[in-house]
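Protein chains in written order, with the numbering used here: chain U, 1 to 567; chain E, 1001 to 1540.
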């Protein structure tokens, strides 16, 4: 009785305030407000942008609190007609899969705005960031296929201007490459979307609709049509993720983008691809996703290993972080195409974790560049001496990116590997190598940049400022919190993932989700998963000593080698 | 007197003048303007011709809702139009239905916007001549005739009235030899295509014994299983249809008849190019849809739509890929207009397909025409402003740093360019979406391939618009392609841009076009009632 009452009050609160449209409109309004601020008051521009993004972020967090974690379906639904003759609707809703993407967007944007000041044209810069925020919010909550496509494409425009206008070096080349690459990738998806809608309408005899849930329930396509349309979607997402071998735009875009651009690109925009695979690829085309999973498992694993090797060879610190993103997203792709609860849950978790830790990495690399005006690893060195706190913060962020147990990177990666072992053993075996390689390239980079005796300008490396520390603090807290206590997140993600897996099971012949972690007595797997995770962490903590030892050895060897070359 | 009239037998057809109002207003407006300016010197004052033209356009536009209401109120719609409201005029030479009204509306809007743009242009170029406006109005009336013709002879008449006025307009910038050259080129090739078109009409008449669209369609219905009709010589009809397709293909600049477009666009006065891409294209597509869907829509649709399929695909590819290597913005936009014509042909292909459900294809073309009218007129208004005195400043370099000098103009232009890219929340997006949706609805392999080709062409084409955006916003310090941008050149370019004079009226056209582009992109349901009616009026 009482829970029912509580639930109804939650529902009442949901209907009272259209939180999802507000999450899009607030940043848009602040973009307009920014344009209305007189040009000579540049500082107020920043304030407006900060206020707008913080309010949006707060609303996103509030929504997370109001989110009913027992409900696996969509919540906060808004469904208004848009283009009625073509069956288009403004259909917004969130479930456990999109919830944390929206929260991540809400948190990363204010931090990205705080982390870096544009060199010129503060007004346009902040206006574009706010437009980007509105677009990113929209893309994660759209449940009308065409509406999703619209937001998926619209985020390109602000990002194009941000990279092209405030980036470094070959910014115009990078911006154009980014735009054309992504647009070409998603061009065929539009054909796929309309084909899916029209084929479903003519097979089922229902009215034309682009509603994701209705299309997913209908499952009216034949095998060939489903596979072809799935591939048009998959291509668009593969460019966005990016999956090897379509990743070549990413290092350029990331490296040339301004710090805020890199943070948002890595933290939010790459997730559009992986989110798309889960929400649209697997949900709309379960049979095709199951049949063709081997392609994506293979490409994911190749991406992990390839990007790790390439990252190791990078001379530019920012480019190294960019390649590490490719490797991490390979893990997420691997997790998605295991098509089981652990793998998918791990992927969603890892999407958030990667956003937080890579966002923090880009921010700190940006600060290194601000201080030293170079990102070349060879020109940096010994920064730990003049800036120990900076180095400590960098260490924490880097370790989370490596996937150290107890930090956020581990939880997701572990779940992905757990799911992977049940569904795709040999792929997972190779993917595990990626974890080791991640430790290699990040620790090696850390060693070259922060260890040793500082020389030249490196001696005067300024320490982390208090204000910068405050900007970074929320991310550091999240890194530790998500690693130590992932349960609040997992228990919100899991019901929706289970619903998705059940949908796949129901629609794919002969597919039964494998996995020993199934305790029928409990209403949700969340508790058991968390327990499994804790156990695994303990186990890993025991082994950790060994790993660290080996890493230390590598480090010693590397420094020895360095010493020799300097001699 | 009365008795005299009573004795003379009435042999002329009854004319319902009210329904002819748009054609009459536009044509008489042109004639009146020329007459008045010749007899009354006061009419030659500044802006008066432009105001007169705008007023004429608005008057023609104002009649449309009333005609629509009268049409809807008809008790007994013409049986031949499948129960849709339509009125046959002048003994079935013209038909007024919702399709006519849609096309007339777009042409009137184009006349108004181009006249406003032309005013600033002529003042800058030092012309004070009413003949520009008179020709504009007469050409527009020809366009409306073309789209409402129900007899192939009248179709040809409309096509010629439309075209000849534009040939003259293209050559009317007397101080530029390029303009003369463009007019000459346009005339020679246009006359050739008209001749081919007329030959096609002759063949169709020879085979079917009729020049009216309903007559042609009616005589083709008796086709047997072998694809041959005992009454109609199929091969003769097919050749006739192909020749007419060439005639229309030239007017809409479809592959392989698009070669003239860049040269003519480059040389012609910029506002006139705006008119060519909007009103001329609308009229030509209007006429093409009526002739092909009503006249040849039945038995032979499955034959000619294959031709349209290939035309559409190659038009998009040629337009998009060749635009990349252009350095002149008018040539770039010419190739872009070719690509857009290709998209509309995709819609026509879908409309010709034997799909019983809906008429997504027709609606797609009509919406595309609406969106492209505003986007292209706005674009050429900007080009006209940046072209500066002499109308020759058209390299893409001329746009460098425009955002700094003229932020409002640059922003509106960016909206228009992204609209042409087909970016979301612009009219261009829904235009492309409708076309692709129409192709997908055909549910045939070749239609899917065509849709895929179209979208890839759009992605490639995005580069050409982005290059202009790059020049305006981003590329102030260095050039992306060449590293050897001369600093002296640079300052020169900036000085030139600074000296830009922006007529407020032309700026208003640009802003209006940008606003319409955005509004149609966010609320695509606007006007969809009229759109549906217009599409339904074309019954095969």
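For every residue, glycine included, the Cβ atom is placed at its ideal position computed from N, Cα and C.
query: Pick from U:163, U:496, U:502: whose alpha carbon is nearest that of residue 71 of chain U?; result: U:496
query: Starting from the Cα of residue 507 of chain U, find the closest Cα among U:283, U:331, U:350, U:465 and give me that residue.; result: U:283
query: Pick out whichever of U:180, U:373, U:264, U:176 has its Cα sitting closest to the Cα of residue 460 of chain U.; result: U:373
query: Can the beta-carbon of residue 160 of chain U be found less than 8 Å from the beta-carbon of residue 311 of chain U?; result: no
query: Between residue 139 of chain U and residue 158 of chain U, which are expected to be in contact by the criterion C-beta below 8 Å, what is the C-beta distance as a whole number of angstroms?; result: About 12 Å separates the two Cβ atoms, so there is no contact after all.
query: Based on the DSSP secondary-structure assignment, which residues constitute the bridge partners of residue 316 of chain U?; result: U:376
query: Can you confirm whether residue 154 of chain U, when its beta carbon is compared against all beta carbons of chain B, has any partner nearer than 8 Å?; result: Protein chains U and E are contained in the structure displayed, whereas chain B is not.
query: Taking only beta-carbon atoms, is residue 1464 of chain E less than 8 Å away from chain U?; result: no
query: Taking only three categories from DSSP, how would you classify residue 566 of chain U?; result: Caution applies to residue 566 of chain U, whose pLDDT of 41 falls short of 50 and renders its modelled position unreliable; the model cannot decide the point.
query: Should residue 299 of chain U go down as buried or exposed, given a rule of 16 or more other Cβ atoms within 10 Å for buried?; result: buried
query: Looking at the structure shown, is residue 1173 of chain E part of a helix, part of a strand, or coil, going by DSSP?; result: coil
query: Excluding sequence positions up to five away, which residues of its chain have a Cβ less than 7 Å from the Cβ of residue 1366 of chain E?; result: 1102, 1531, 1534, 1535
query: Could you tell me whether the segment 466-483 of chain U touches the segment 264-276 of chain U, using the rule of 3 or more Cβ pairs below 8 Å?; result: no
query: What does DSSP give as the partner residue(s) for residue 91 of chain U in the beta ladder?; result: U:79
query: Beta carbons nearer than 9 Å to chain E: which residues of the segment 84-112 of chain U have them?; result: 84, 85, 86, 88
query: Report the residue from U:353, U:364, U:339 whose alpha carbon sits nearest the alpha carbon of residue 410 of chain U.; result: U:353
query: Kindly say whether residue 347 of chain U, judged by its beta-carbon, lies nearer than 8 Å to any beta-carbon of chain E.; result: no
query: Quick one: what's got a C-beta closer than 6 Å to residue 104 of chain U's C-beta in the same chain, skipping five residues either side?; result: 352, 355
query: How would you write the range of the beta strand (DSSP E) that residue 1086 of chain E sits in, first residue to last?; result: 1086-1089
query: Compare the C-alpha of residue 210 of chain U against each of U:96, U:221, U:202, U:198 and name the closest.; result: U:198
query: I want to verify the contact list: residues of chain E whose CB lies under 8 Å from the CB of residue 25 of chain U, in sequence order.; result: Those do not exist, as residue 25 of chain U stays about 13 Å from chain E at its closest Cβ, beyond 8 Å.
query: Taking the CB atoms as reference points, tell me whether residue 260 of chain U and residue 129 of chain U lie closer together than 8 Å.; result: yes
query: Under DSSP, the alpha helix (DSSP H) around residue 272 of chain U begins and ends at which residues?; result: 270-276
query: Using the beta-carbon of each residue, which ones in chain U are nearer than 9 Å to residue 1470 of chain E?; result: 164, 172, 175, 176
query: Would residue 1362 of chain E be called buried (16 or more neighbouring beta carbons within 10 Å of its own) or exposed?; result: buried
query: So, for residue 375 of chain U: in the same chain, excluding its five sequence neighbours on each side, which residues have a beta-carbon less than 6 Å away from its beta-carbon?; result: 316, 317, 318, 369
query: Would DSSP call residue 143 of chain U helix, strand or coil?; result: coil
query: DSSP puts residue 1328 of chain E in a beta bridge; with which residues?; result: E:1395
query: Below 6 Å CB to CB, which residues in the same chain sit around residue 286 of chain U once its five sequence neighbours on both sides are set aside?; result: 504, 507, 508
query: According to the neighbour-count rule (16 or more other Cβ atoms, all chains shown, within 10 Å of its Cβ), is residue 84 of chain U buried or exposed?; result: exposed
query: Please report the straight-line C-alpha distance between residue 1105 of chain E and residue 1160 of chain E, rounded to a whole angstrom.; result: 20 Å
query: Strictly under 8 Å for the Cβ-Cβ distance: is residue 1178 of chain E near chain U by that measure?; result: no
query: Note down the Cα distance separating residue 379 of chain U from residue 448 of chain U, rounded to an integer number of angstroms.; result: 10 Å
query: From residue 169 of chain U to residue 256 of chain U, what does the alpha carbon distance come to, in whole angstroms?; result: 6 Å
query: Rounded to whole angstroms, what's the CA-CA distance from residue 498 of chain U to residue 28 of chain U? Just pull it up for me.; result: 35 Å
query: Where do the N-terminal and C-terminal ends of the alpha helix (DSSP H) with residue 1365 of chain E fall, by residue?; result: 1360-1387
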